[in-house]
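Asker: Below is a structure I'd like to ask you about.
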Amino acid sequence: MTKDYYNVLGVDKRATNDDIKRAFRKLAHKYHPDKGGTDESRFKEITEAYAILSDEKKRREYDTYGQAFAGRGPSSSTGSGQTGNPFGGFDFSQFQQGFGQGGVEFDFGDIFGDIFGGRGGRAQTPRGRDISIDLEIPFKDAIFGTTRTVLIAKVSTCTLCNGTGAKLGTELETCKTCNGSGRIHETRNSILGQFNSVRACIACGGIGKIPREKCTECKGHGVRRREEEIKIHVPAGIDNGEMIRLPQQGEAIQTGIAGDMYVKVHIKPHATFRREGFNLVMNLPIKLTDALLGTVVLIETLEGKTLEVKIPPMKRTEDLLRIAGKGVPGDGGRGDLIIRLEVALPHKLSGKAKKVVEELKTEGL
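Sequential numbering from -9 applies to the sequence shown in the working numbering.
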């Protein structure tokens, strides 16, 4: 009985090559023996299905005839009675040559990159650890920007040997473990053949050279933990909770680039102003008579300047006054300052004031 390869991979017959590859990658990661999978027959089955469906010609033959003639030998009609082929009716001889050779018809290195580490055998530049800190700043500094200096303890490049790990005045010599290549090549045997992988040499850290005499400060590591001052430029208009990324200001590593530093900004509340988008908002209490007749008041802006504001007559509580260009910087300009009026009623009326209010009452006010 012909196997339903689409069902084996759990894909539709209209699946694209990318869909098939994703399905195989997921199943292979689950059932591969080197990942602890116990169902070896299941792994063989999904590998056979992928080999057929990932090849355009074989897939076309399979869709038409129910089998793919390319890649099947004369002995493929039966399963267990064959010799030299542990996979039954499917011929895996094309995959036994190892990777990077002509017999391989699809890229196992890419498919199993997440199983054996790395991506398709391509070496990645080593990178130090990222670090994060919290920074609290005044409301005014968040609006107009500032520069702060913080002192933190982190793994940094050794200043004495400049990261070489060698004692001053001494030389580096070729690493005998990797013969100066900085890489160790390893070969692993699998049911699919040989998997070649490359990793950084532990002895030299991937440099290819080791110090003849080690630095007295970092003991040959090229990095050491020390306190370092970091300048943080806070941009104008930053909002509460936003992150500032400082590239390569994280922890250093001898054989690669330093990680990044992330600064989470916390803004102290202001006694008068609050932020709404790019606008600054403040509440301004005024007397009842000023609300009725109008007045002029002086307010101190966030910059520390005195601003004269005219309040028109007949203003009510929650009425807004808008002053353009006095808000939060951003998008090439500044938002507005919004003044929310609060009409304050007296706690007690004198006899004279009460008489005046009574007269206003007769006027319908």
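Note that the Cβ used here is the ideal one computed from N, Cα and C, for glycine as well.
Is the beta carbon of Val333 less than 8 Å from the beta carbon of Leu278?
Answerer: Yes.
Asker: Write down the C-beta distance between Arg119 and Glu241 rounded to the nearest angstrom, noting that I regard them as a contact closer than 8 Å.
Answerer: Rounded, the Cβ-Cβ distance is 4 Å, consistent with contact.
Asker: Report the option in Asp53, Leu288, Gly135 whose CA atom is closest to the CA atom of Glu298.
Answerer: With distances taken between Cα atoms, Glu298 lies closest to Leu288.
Asker: So who's on the other strand from Phe185, going by DSSP bridges?
Answerer: The partner list for Phe185 (beta bridge, DSSP) reads Arg178.
Asker: Is it true that the CB of Thr139 sits closer than 8 Å to the CB of Lys221?
Answerer: Yes, the Cβ-Cβ distance between Lys221 and Thr139 is below 8 Å.
Asker: So, using beta-carbon positions, are Gly317 and Asp309 closer together than 8 Å?
Answerer: Result no, Cβ atoms of Gly317 and Asp309 do not sit closer than 8 Å.
Asker: Using the C-alpha atoms, what's the distance from Ala13 back to Thr54?
Answerer: Going from the Cα of Thr54 to the Cα of Ala13 covers about 22 Å.
Asker: Secondary structure at Ala314, three-state DSSP: helix, strand or coil?
Answerer: Three-state DSSP puts Ala314 in coil, outside helix and strand.
Asker: Can you have a look at Lys305 and say buried or exposed, based on whether 16 or more other CB atoms are within 10 angstroms of its CB?
Answerer: Lys305 comes out buried.
Asker: Is the Cβ-Cβ distance between Val224 and Thr136 less than 8 Å?
Answerer: Contact flag set, yes.
Asker: From Leu335 to Leu270, what distance separates their C-alpha atoms?
Answerer: Their backbone Cα atoms lie some 26 Å apart in a straight line.
Asker: Have a look at Lys351, Ala190, Cys191, His175 and flag the residue whose alpha-carbon is nearest the alpha-carbon of Gln184.
Answerer: Of the candidates Lys351, Ala190, Cys191, His175, the one whose C-alpha sits nearest the C-alpha of Gln184 is His175.
Asker: Among the candidates Cys168, Val286, Asp250, whose CA atom is the shortest distance from the CA of Ile123?
Answerer: With distances taken between Cα atoms, Ile123 lies closest to Asp250.
Asker: For Pro201, write down the residues that DSSP places opposite it in a beta bridge.
Answerer: BP columns for Pro201 point to Leu162.
Asker: Can you list, in chain order, the residues of its chain with a C-beta nearer than 8 Å to that of Val286? Leave out the 5 residues immediately preceding and following it.
Answerer: Correct list, in chain order: Glu298, Val299, Lys300, Ile301.
Asker: Comparing alpha-carbon positions, which option in Ala314, Leu282, Leu331, Gly322 lies nearest Leu350?
Answerer: Nearest C-alpha to Leu350: Leu282.
Asker: Between Thr163 and Lys199, is the Cβ-Cβ spacing less than 8 Å?
Answerer: For the record, residue 163 in the displayed sequence is Glu; it is not Thr. Yes, these two residues count as a Cβ contact at 8 Å.
Asker: Could you compute how far the alpha carbon of Gly159 sits from the alpha carbon of Glu30?
Answerer: If you take the alpha carbons of Gly159 and Glu30, they lie about 58 Å apart.
Asker: So what does DSSP say about Asp120, is it helix, strand or coil?
Answerer: In the structure shown, Asp120 sits in coil (DSSP, three-state: anything other than H, G, I, E or B).
Asker: Figure out for me which residue from Ala314, Arg216, Asp(-6) has the closest Cα to the Cα of Glu35.
Answerer: The residue with the shortest Cα to Cα distance from Glu35 is Asp(-6).
Asker: Have a look at Gly354 and Leu339 and give me their C-alpha separation to the nearest angstrom.
Answerer: Each residue's Cα considered, the two are about 19 Å apart.
Asker: Look up Arg4 in the DSSP assignment and say whether it is helix, strand or coil.
Answerer: Coil.
Asker: I'd like the list of long-range same chain contacts for Ala39, defined as Cβ closer than 6 Å, with 5 residues on each side in sequence excluded.
Answerer: Contacts found: Tyr(-5), Val(-2), Leu(-1).
Asker: Could you give the distance in angstroms between the alpha-carbon of Asp321 and the alpha-carbon of Gly284?
Answerer: Using only the alpha carbons, I get a separation of about 35 Å.
Asker: Are the beta-carbon atoms belonging to Leu150 and Cys194 less than 8 Å from one another?
Answerer: Their beta carbons are not under 8 Å apart, which means Leu150 does not touch Cys194 by this criterion.
Asker: When you compare the CB positions of Cys191 and Thr167, do they come within less than 8 Å of one another, or not?
Answerer: The answer is yes: Cβ separation under 8 Å.
Asker: What distance in whole Å lies between the Cβ atoms of Pro319 and Gly172, which are believed to be in contact at a cut-off of 8 Å?
Answerer: Going by Cβ atoms, the distance from Gly172 to Pro319 rounds to 49 Å, so no, they are not a contact pair.
Asker: In the structure shown, what three-state DSSP assignment does Gly341 receive?
Answerer: Residue state, collapsed to three classes: helix.
Asker: Only counting the same chain, and skipping five residues up and downstream in sequence, which positions put a Cβ closer than 6 Å to that of Leu17?
Answerer: Result list for Leu17: Ile36, in chain order.
Asker: What residues in its chain sit with their C-beta under 7 Å from that of Lys130, if we drop five residues either side in the sequence?
Answerer: Leu292, listed in sequence order.
Asker: I need the DSSP call for His19, collapsed to helix, strand or coil.
Answerer: Three-state DSSP puts His19 in a helix.
Asker: On a CA-only basis, which of Arg15, Val255, Asn230, Arg330 is nearest Ile276? Give me that one, please.
Answerer: Ranking Arg15, Val255, Asn230, Arg330 by Cα distance to Ile276 puts Arg330 first.
Asker: Classify Glu266 as helix, strand or coil using the three-state DSSP reduction.
Answerer: Of the three classes helix, strand and coil, the one that applies to Glu266 here is strand, per DSSP.
Asker: When DSSP builds the beta bridges, which residues end up paired with Leu288?
Answerer: DSSP lists Glu298 as partners of Leu288.
Asker: Label Thr147 either buried or exposed according to how many other C-beta atoms from any shown protein chain fall within 10 Å of its C-beta, with 16 as the threshold for buried.
Answerer: Its Cβ being crowded by 16 or more others within 10 Å, Thr147 is buried.
Asker: To the nearest angstrom, how far is the alpha carbon of Ile247 from that of Leu43?
Answerer: Rounded to whole angstroms, Ile247 to Leu43 spans 41 Å at the Cα level.
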